[in-house]
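Numbering (this note's numbering), first residue to last: 6 to 85.
We put the CB at the ideal spot given by N, CA and C, even for glycine.
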């Protein structure tokens, strides 16, 4: 079974490297999901826009959204 590698900051360039820096500063790390999608920067860019729209809008606090995502992931026996 083939697997996609999780790209490190040293393995990416341009906008993707800038994104790694911003996300790393905000979250303390770059989530594995972002590191895998970095193989296709055009898809990563739209995914980040989608995640920002979900996370940074509405009335539910970001921390609560993160906790719900983690809980749903655990209930479905998949890594977050």
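- Between residue 26 and residue 45, the C-beta gap is not smaller than 9 Å, which leaves the two residues out of contact.
- In the three-state reduction of the DSSP assignment, residue 51 falls in the helix class, which pools H, G and I.
- Taken through DSSP and simplified to helix, strand or coil, residue 46 comes out as helix.
- Judged by DSSP in its simplified three-state form, residue 10 adopts coil rather than helix or strand.
- When C-alpha distances from residue 59 are compared across 12, 10 and 73, the shortest belongs to 73.
- For the options 19, 53 and 48, the alpha carbon positioned closest to that of residue 35 is the one of 53.
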